[in-house]
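Below is one structure, written out as structure tokens, with a few remarks after it.
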Amino acid sequence: MQVKTRLFGEIEIAEEKIINLIHGLIGFPDMKRYTLIFDEEKKDKGNIMWLQSLDETDFAMPVMLPHVVKPDYAPELNVDALEQLGELTADNTYMLVTVRVPKNPKEASINLKAPIIINTDTNIGDQIIIEGSEPVRYLIHDAIHGKDGE
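Residue 1 is where the sequence shown starts when you use full-length UniProt numbering, and the numbers rise one by one after that.
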């Protein structure tokens, strides 16, 4: 499938690389089909990836693996909310968090309150709001430099 994007130009997306978010992203419920764009050479090395919408190709959200910034991140996920994703195992569960990058890079943060959970066997996912005290804005700079990111 050929897709023309604002940030990456025209790209080819294989059907098996399409992620279907059941409810879309928070604030963007009508955009449900996405793909992940990342540097193949640095896959899973902590770099920022892009969750590129295939429904609105001008929209791409920066995302990353939460454990890069907060290694002890282990949110308690609502079992009922996860049920829609199918059978999740340690091998087929992929978790991402959205990244906020304001003008001042020291204020860049990740959203630990609403991770995106993807079943990699089915490519079905959802952004789930976590019960509890996980912050919406966990500062990346402070966490990487040894300070508490909250």
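Backbone N, C-alpha and C fix where the C-beta goes; we use that ideal spot for every residue, glycine too.
Cβ-Cβ distance between residue i and residue j below 8 Å
i, j, result
"F8", "M31", "no"
"V69", "A14", "no"
"N119", "L77", "no"
"R33", "N20", "yes"
"N123", "I18", "yes"
"I128", "A81", "yes"
"P105", "H141", "yes"
Backbone secondary structure at residue i - three-state DSSP
i, result
"E12", "strand"
Same chain, Cβ closer than 8 Å to residue i, neighbours up to 5 away in sequence not counted
i, result
"P66", "Y73, M95, L96, V97, I110, L112 and P115"
Exposure label - residue i; buried when at least 16 CB within 10 Å
i, result
"G125", "buried"
"I117", "buried"
Own chain partners of residue i with C-beta closer than 7 Å, once the 5 adjacent residues on each side are dropped
i, result
"K4", "E10 and T57"
"T35", "I13, K17, I18, I19, Q52 and L54"
"Q2", "E10 and E12"
Cutoff 6 Å; reference residue i; Cβ partners in own chain excluding five residues on either side
i, result
"I22", "Q84 and D126"
"M61", "L51 and T98"
Whole runs of the beta strand (DSSP E) within the stretch 98 to 146, excluding any shorter than 3 residues: Positions of the beta strand (DSSP E) runs, each at least 3 residues long and wholly inside the stretch 98 to 146, are given as 116 to 119 and 124 to 127 in order along the chain.
Segments of 4+ residues assigned as alpha helix (DSSP H) that fall wholly inside the stretch 18 to 95: Correct list: 66 to 69 and 79 to 83.
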